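Taking it in order: structure first as C-alpha coordinates, then the write-up.
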Amino acid sequence: MSQIKGEIFFLLALWKTNLSSAMEYRANFISQVVGMIINDGIYFVFWLVFFDRFKQVQGWGMSDMVLLFAIITTGFGLAFGFFGNAQLLAELIAQGRLDYYLALPRDVLLHVLASRSSLSAWGDLIFGLMAYLFTGRFGWQEIAIWLIASLCSSAVLVSSFTIFGCLSFWLGNAQQLAIQAQNIILTFALYPRDIFQGIVRFLMLTLLPAAFVGAIPLDIVRRLDWLTLLGLIGV
(Lines of atoms letter the chains of each structure in order from A and count residues from 1; the text may use other names and numbers.)
(Lines give C-alpha, C1' and ligand atoms only; values in the text may rest on other atoms or scores of the structure.)
Protein backbone atom coordinates (compact mmCIF):
# COMPACT_ATOMS: atom_id res chain seq x y z
CA MET A 1 0.00 0.00 0.00
CA SER A 2 2.85 2.40 0.77
CA GLN A 3 4.27 1.81 -2.71
CA ILE A 4 0.88 2.51 -4.30
CA LYS A 5 0.50 5.66 -2.21
CA GLY A 6 3.98 6.75 -3.32
CA GLU A 7 3.09 6.27 -6.99
CA ILE A 8 -0.12 8.28 -6.55
CA PHE A 9 1.79 11.19 -5.00
CA PHE A 10 4.34 10.92 -7.79
CA LEU A 11 1.57 11.11 -10.41
CA LEU A 12 0.05 14.13 -8.71
CA ALA A 13 3.44 15.84 -8.73
CA LEU A 14 3.91 15.08 -12.44
CA TRP A 15 0.46 16.44 -13.32
CA LYS A 16 1.09 19.57 -11.25
CA THR A 17 4.38 20.09 -13.09
CA ASN A 18 2.70 19.60 -16.47
CA LEU A 19 0.03 22.15 -15.57
CA SER A 20 2.62 24.65 -14.36
CA SER A 21 4.57 24.19 -17.59
CA ALA A 22 1.42 24.80 -19.66
CA MET A 23 0.64 27.96 -17.67
CA GLU A 24 4.07 29.37 -18.52
CA TYR A 25 2.77 29.90 -22.06
CA ARG A 26 -0.86 30.66 -21.44
CA ALA A 27 -1.59 32.11 -24.86
CA ASN A 28 -0.36 28.90 -26.51
CA PHE A 29 -2.33 26.78 -24.05
CA ILE A 30 -5.55 28.73 -24.57
CA SER A 31 -5.17 28.76 -28.36
CA GLN A 32 -4.72 24.98 -28.47
CA VAL A 33 -7.69 24.39 -26.19
CA VAL A 34 -9.96 26.76 -28.15
CA GLY A 35 -8.70 25.34 -31.45
CA MET A 36 -9.61 21.80 -30.40
CA ILE A 37 -13.06 22.89 -29.22
CA ILE A 38 -13.64 24.47 -32.64
CA ASN A 39 -12.29 21.35 -34.37
CA ASP A 40 -14.64 19.09 -32.41
CA GLY A 41 -17.50 21.50 -33.08
CA ILE A 42 -16.93 21.40 -36.83
CA TYR A 43 -16.97 17.61 -36.81
CA PHE A 44 -20.11 17.67 -34.68
CA VAL A 45 -21.84 20.01 -37.17
CA PHE A 46 -21.34 17.33 -39.84
CA TRP A 47 -23.56 14.99 -37.82
CA LEU A 48 -26.11 17.75 -37.21
CA VAL A 49 -26.44 18.24 -40.97
CA PHE A 50 -26.48 14.49 -41.59
CA PHE A 51 -29.24 13.71 -39.09
CA ASP A 52 -31.23 16.71 -40.25
CA ARG A 53 -31.43 14.92 -43.61
CA PHE A 54 -31.59 11.31 -42.37
CA LYS A 55 -33.40 11.10 -39.02
CA GLN A 56 -32.05 7.67 -38.06
CA VAL A 57 -29.27 5.27 -39.07
CA GLN A 58 -29.72 1.70 -37.82
CA GLY A 59 -31.72 3.03 -34.87
CA TRP A 60 -29.22 5.77 -34.04
CA GLY A 61 -30.48 9.38 -33.87
CA MET A 62 -28.92 12.75 -33.17
CA SER A 63 -29.48 12.40 -29.42
CA ASP A 64 -27.32 9.26 -29.50
CA MET A 65 -24.56 11.09 -31.35
CA VAL A 66 -24.59 13.93 -28.80
CA LEU A 67 -24.14 11.39 -25.99
CA LEU A 68 -21.49 9.52 -27.99
CA PHE A 69 -19.47 12.72 -28.44
CA ALA A 70 -19.89 13.53 -24.75
CA ILE A 71 -18.39 10.16 -23.80
CA ILE A 72 -15.58 9.97 -26.36
CA THR A 73 -14.31 13.55 -26.12
CA THR A 74 -14.46 13.44 -22.31
CA GLY A 75 -12.60 10.13 -22.32
CA PHE A 76 -10.04 11.39 -24.83
CA GLY A 77 -9.46 14.57 -22.87
CA LEU A 78 -8.91 12.69 -19.62
CA ALA A 79 -6.69 10.09 -21.32
CA PHE A 80 -4.21 12.42 -22.95
CA GLY A 81 -4.57 15.41 -20.69
CA PHE A 82 -3.07 13.20 -17.98
CA PHE A 83 -1.14 10.57 -20.02
CA GLY A 84 -0.12 12.52 -23.11
CA ASN A 85 2.91 10.42 -24.02
CA ALA A 86 0.73 7.41 -24.82
CA GLN A 87 0.24 9.03 -28.23
CA LEU A 88 4.01 9.44 -28.75
CA LEU A 89 5.35 6.24 -27.20
CA ALA A 90 6.41 4.67 -30.52
CA GLU A 91 8.46 7.78 -31.31
CA LEU A 92 10.08 7.85 -27.85
CA ILE A 93 11.11 4.20 -28.15
CA ALA A 94 12.37 4.51 -31.75
CA GLN A 95 14.49 7.54 -30.87
CA GLY A 96 16.00 5.95 -27.78
CA ARG A 97 14.51 8.54 -25.46
CA LEU A 98 13.53 5.98 -22.80
CA ASP A 99 17.06 6.13 -21.33
CA TYR A 100 16.13 9.15 -19.24
CA TYR A 101 13.26 7.28 -17.58
CA LEU A 102 15.22 4.04 -17.14
CA ALA A 103 17.81 5.87 -15.06
CA LEU A 104 15.26 7.06 -12.50
CA PRO A 105 13.90 5.01 -9.55
CA ARG A 106 10.27 5.10 -10.66
CA ASP A 107 7.92 2.81 -12.55
CA VAL A 108 9.14 3.38 -16.09
CA LEU A 109 5.89 3.00 -18.02
CA LEU A 110 3.85 5.13 -15.61
CA HIS A 111 6.54 7.82 -15.62
CA VAL A 112 6.76 7.89 -19.41
CA LEU A 113 3.01 8.10 -19.97
CA ALA A 114 2.33 10.79 -17.37
CA SER A 115 5.35 13.02 -17.98
CA ARG A 116 3.60 14.91 -20.77
CA SER A 117 0.16 16.47 -21.07
CA SER A 118 -1.47 17.02 -24.47
CA LEU A 119 -2.66 20.63 -24.28
CA SER A 120 -5.28 20.21 -27.00
CA ALA A 121 -6.78 17.27 -25.07
CA TRP A 122 -8.11 19.74 -22.50
CA GLY A 123 -10.15 21.24 -25.33
CA ASP A 124 -11.64 17.79 -25.96
CA LEU A 125 -12.49 17.47 -22.28
CA ILE A 126 -14.23 20.86 -22.23
CA PHE A 127 -16.14 19.98 -25.41
CA GLY A 128 -17.23 16.69 -23.85
CA LEU A 129 -18.57 18.47 -20.78
CA MET A 130 -20.39 20.97 -22.99
CA ALA A 131 -21.86 18.18 -25.13
CA TYR A 132 -23.17 16.40 -22.05
CA LEU A 133 -25.15 19.51 -21.09
CA PHE A 134 -27.25 18.94 -24.22
CA THR A 135 -28.12 15.34 -23.34
CA GLY A 136 -30.62 16.31 -20.64
CA ARG A 137 -29.37 13.47 -18.43
CA PHE A 138 -28.95 15.21 -15.09
CA GLY A 139 -30.03 12.54 -12.61
CA TRP A 140 -27.29 11.48 -10.21
CA GLN A 141 -27.26 7.92 -11.58
CA GLU A 142 -27.05 9.20 -15.16
CA ILE A 143 -24.18 11.54 -14.37
CA ALA A 144 -22.34 8.86 -12.36
CA ILE A 145 -22.62 6.18 -15.04
CA TRP A 146 -21.54 8.67 -17.73
CA LEU A 147 -18.44 9.64 -15.76
CA ILE A 148 -17.49 6.02 -15.07
CA ALA A 149 -18.11 5.00 -18.70
CA SER A 150 -15.98 7.95 -19.86
CA LEU A 151 -13.17 6.88 -17.52
CA CYS A 152 -13.38 3.36 -18.98
CA SER A 153 -13.21 4.82 -22.49
CA SER A 154 -10.18 6.80 -21.37
CA ALA A 155 -8.48 3.70 -19.98
CA VAL A 156 -9.04 1.75 -23.21
CA LEU A 157 -7.57 4.63 -25.24
CA VAL A 158 -4.44 4.91 -23.10
CA SER A 159 -3.96 1.14 -22.98
CA SER A 160 -4.45 0.49 -26.70
CA PHE A 161 -2.31 3.48 -27.75
CA THR A 162 0.41 2.22 -25.39
CA ILE A 163 0.30 -1.27 -26.88
CA PHE A 164 0.62 0.06 -30.43
CA GLY A 165 3.45 2.34 -29.34
CA CYS A 166 5.34 -0.62 -27.85
CA LEU A 167 5.47 -2.23 -31.30
CA SER A 168 8.59 -0.11 -31.80
CA PHE A 169 10.43 -2.56 -29.54
CA TRP A 170 9.99 -5.24 -32.22
CA LEU A 171 9.62 -3.29 -35.47
CA GLY A 172 12.31 -0.66 -34.88
CA ASN A 173 10.17 2.29 -35.88
CA ALA A 174 6.43 1.81 -35.62
CA GLN A 175 5.50 5.48 -35.54
CA GLN A 176 3.37 5.47 -38.68
CA LEU A 177 1.75 2.16 -37.78
CA ALA A 178 0.88 3.45 -34.30
CA ILE A 179 -0.54 6.69 -35.72
CA GLN A 180 -2.67 4.82 -38.24
CA ALA A 181 -3.98 2.44 -35.57
CA GLN A 182 -4.82 5.37 -33.29
CA ASN A 183 -6.67 7.19 -36.08
CA ILE A 184 -8.62 4.06 -37.01
CA ILE A 185 -9.76 3.54 -33.41
CA LEU A 186 -10.96 7.13 -33.10
CA THR A 187 -12.64 7.12 -36.52
CA PHE A 188 -14.55 3.90 -35.91
CA ALA A 189 -15.48 5.01 -32.39
CA LEU A 190 -17.13 8.20 -33.68
CA TYR A 191 -19.50 6.38 -36.07
CA PRO A 192 -22.68 4.46 -35.20
CA ARG A 193 -21.55 0.93 -34.37
CA ASP A 194 -24.44 -0.78 -36.16
CA ILE A 195 -23.29 0.35 -39.61
CA PHE A 196 -20.27 -1.95 -39.22
CA GLN A 197 -20.68 -5.68 -39.79
CA GLY A 198 -18.58 -8.83 -40.15
CA ILE A 199 -14.81 -8.56 -39.89
CA VAL A 200 -14.89 -4.82 -39.19
CA ARG A 201 -17.11 -5.28 -36.13
CA PHE A 202 -14.88 -8.16 -34.97
CA LEU A 203 -11.83 -5.89 -35.21
CA MET A 204 -13.65 -3.15 -33.29
CA LEU A 205 -14.09 -5.58 -30.40
CA THR A 206 -10.57 -7.03 -30.48
CA LEU A 207 -7.48 -5.72 -32.26
CA LEU A 208 -8.80 -2.16 -32.69
CA PRO A 209 -11.07 -1.78 -29.63
CA ALA A 210 -13.09 1.18 -30.93
CA ALA A 211 -16.37 -0.32 -29.67
CA PHE A 212 -15.09 -0.14 -26.08
CA VAL A 213 -14.23 3.53 -26.57
CA GLY A 214 -17.60 4.70 -27.88
CA ALA A 215 -20.50 2.40 -28.74
CA ILE A 216 -20.47 0.09 -25.72
CA PRO A 217 -20.11 2.92 -23.16
CA LEU A 218 -22.94 4.69 -25.04
CA ASP A 219 -25.25 1.66 -24.72
CA ILE A 220 -24.44 1.43 -21.01
CA VAL A 221 -25.22 5.10 -20.38
CA ARG A 222 -28.42 5.02 -22.47
CA ARG A 223 -29.84 2.04 -20.57
CA LEU A 224 -28.28 2.80 -17.16
CA ASP A 225 -26.91 -0.72 -17.37
CA TRP A 226 -24.78 -1.09 -14.26
CA LEU A 227 -24.19 -4.80 -14.81
CA THR A 228 -22.68 -4.30 -18.28
CA LEU A 229 -20.68 -1.41 -16.84
CA LEU A 230 -18.95 -3.91 -14.55
CA GLY A 231 -18.03 -5.89 -17.66
CA LEU A 232 -16.62 -2.75 -19.29
CA ILE A 233 -14.58 -2.01 -16.17
CA GLY A 234 -13.23 -5.56 -16.44
CA VAL A 235 -12.21 -4.88 -20.04
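Okay, so the sequence shown: first residue is 756 according to this note's numbering, each after it adds one. Using N, Cα and C, we set each Cβ at its ideal position, and we do this for glycine too. Values in this document were obtained by computation on a predicted structure and should not be read as measured data.
In this structure, how does DSSP classify Val812 when only helix, strand and coil are distinguished?
strand
For Gln912, which residues in the same chain have their Cβ closer than 8 Å to its Cβ, ignoring the five residues on either side in sequence?
The question names Gln, but residue 912 in the sequence shown is Leu. Gly830, Phe831, Ala834, Phe835, Ala841, Ile940, Val968, listed in sequence order.
If you follow the alpha helix (DSSP H) that Ser915 is part of, which residue opens it and which one closes it?
It spans 895-920 - the alpha helix (DSSP H) in which Ser915 sits, taken as one unbroken run.
What do you get for Ala899, buried or exposed, if any count of 16 or more other CB atoms within 10 angstroms of its CB means buried?
That one is exposed.
Give the range of the alpha helix (DSSP H) segment to which Ile873 is assigned.
Per the sequence shown, residue 873 should be read as Ser rather than Ile. Counting along the chain, Ser873 falls outside any alpha helix (DSSP H), and DSSP gives it neither H nor E.
From Leu822 to Pro947, what distance separates their C-alpha atoms?
12 Å
Note down, in chain order, each residue of its chain lying with its Cβ closer than 6 Å to the Cβ of Phe943, except the 5 sequence neighbours on either side.
Met959, Ala965
Taking 9 Å as the threshold (C-beta atoms), are Gly883 and Val788 in contact?
Taking 9 Å as the cut-off, the beta carbon of Val788 is found no closer than this to the beta carbon of Gly883.
Looking at Arg874: is its Cβ nearer than 9 Å to the Cβ of Thr828?
Looking at the sequence provided, one finds Leu at residue 874 rather than Arg. Contact flag unset, no.
Looking at the structure shown, is Pro860 part of a helix, part of a strand, or coil, going by DSSP?
Pro860 carries a coil assignment under DSSP once its states are collapsed to helix, strand and coil.
Please report the distance separating the alpha-carbon of Ile792 from that of Ala876.
9 Å
Under the three-state reduction of DSSP, which class applies to Met791: helix, strand or coil?
helix
Ser870 beta carbon less than 9 Å from that of Tyr856:
yes
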